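Trainee: The sequence shown begins at 0 in numbering that gives the first Met the number 0 and counts up one residue at a time.
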Amino acid sequence: MTSKLQPRAAVVLEELLAGNERYADDRPTHPHQGRRTRATLTAGQHPLAAVLACSDSRVPPTLVFDQGLGDLFIVRNAGQVLSPDALASLEFAVLELDVPLIVVLAHQACGAIRAAAATFGGDDIPEGHLVQVLAPLSPAVAFASRHASDADDLDALADLAGHTHLRMTVTALRLAGPVIATRVADGRLGVVGLTYELATGITRMLGDHVRPTAAA
Ligand SMILES: [Zn+2]
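1) Using a Cβ-Cβ cut-off of 6 Å (strictly less than) and excluding sequence neighbours within five positions of LEU15, which residues of its own chain qualify?
2) Whose C-alpha, out of ILE201, SER54, ASP185 and TYR195, is nearest the C-alpha of LYS3?
3) Between the beta-carbon of LEU188 and the beta-carbon of ILE179, is there less than 9 Å?
4) Straight-line CA distance for ALA157 to ALA134?
5) Closer than 7 Å by C-beta to GLN32: which residues in its own chain qualify, once you throw out the five before and the five after it? Chain order, please.
6) Between which residues of its own chain and ASN76 is the CB-CB distance below 7 Å, once the five residues before and five after are set aside?
7) Report the three-state DSSP secondary structure of LEU47 (helix, strand or coil).
8) Would PRO223 and ALA48 qualify as a contact pair, given that the criterion is a beta-carbon distance under 9 Å?
9) Quick check for students: name the residue ranges of the alpha helix (DSSP H) that lie wholly in the region 142-170, counting only runs of 4 or more.
10) Would you call THR28 buried or exposed, if buried means 16 or more other Cβ atoms sit within 10 Å of its Cβ?
11) Should ASP55 be counted as a contact of ligand 1 given a C-beta to heavy atom distance under 8 Å?
12) Among THR163, VAL132, GLN131 and ALA175, which residue has its Cα nearest to the Cα of ARG145?
13) Residues in its own chain within less than 7 Å of ALA23 by CB, not counting five upstream and five downstream?
14) Taking its Cβ as the centre, do 16 or more other Cβ atoms sit within 10 Å of GLN79, making it buried, or is it exposed?
15) For the candidate residues GLU90, LEU136 and GLY121, whose alpha-carbon lies nearest to that of ALA217?
16) Near LEU94, what residues of its chain come up, given a Cβ to Cβ distance below 7 Å and the 5 sequence neighbours on each side ignored?
Structure representation (structure tokens):
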């Protein structure tokens, strides 16, 4: 599956990747913060992009992309699940805030993915409402359990499930009609997937779309 980004989305993605490079290199600029920015933003918000990210405390999108106030419209839950609530919030960003890009931000060693992998095929029922987090991850875990070189290796299983979940989420989002799918189809909106590495701070692109270029 390939998705070519239109110029407006490509420029935004370049800006986010440049910010991530600054962050990973320990030279963030922490833009758009402070009293003057707060005052300016009282008139409204015009974020660059929407982000669907995991709630993990180690992966805060505004820091990871070295952005500031008003720059990112962020939807977070454990495992960056495209729940009905999450989809509705992303549709708000598209319809009301006219974002040209949605980034799905996964990360290495996700606890939600690992928990889903650990409980998959087992006899334990998750406590409380945790099943609402883990159940949507089951298709990715099922795929990974069939394709992992060693399904008994929980780390390897969770890693493959995490990549699969990201790929499935990006695909589902691109096809989420009518608001998002229509705009993806006619080029007004881009949807991309990135994976964050905990140790390096680097985000890597999901390999199913074209890197932005000047000619994109
Ligand atoms: Zn996570």
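Ideal Cβ placement from N, Cα and C applies to all residues, glycine included.
As the structure is a computational prediction, the values presented were derived from the model and not from experiment.
Mentor: Checking against the coordinates, here is how it stands:
1) PHE64
2) Answer by Cα proximity: ASP185.
3) yes
4) 15 Å
5) Here the set comprises GLY67 and LEU68.
6) SER54, SER82 and ALA85
7) coil
8) The requested residue 223 is not part of the displayed model; the chain covers only 0 to 215.
9) Counting whole runs of 4 or more residues, the region 142-170 contains no alpha helix (DSSP H) stretch at all.
10) exposed
11) yes
12) Of THR163, VAL132, GLN131 and ALA175, the residue nearest in Cα terms is THR163.
13) THR199, GLY200 and ILE201.
14) buried
15) This structure cannot settle anything about residue 217, because the visible part of the chain is limited to 0 through 215.
16) VAL178
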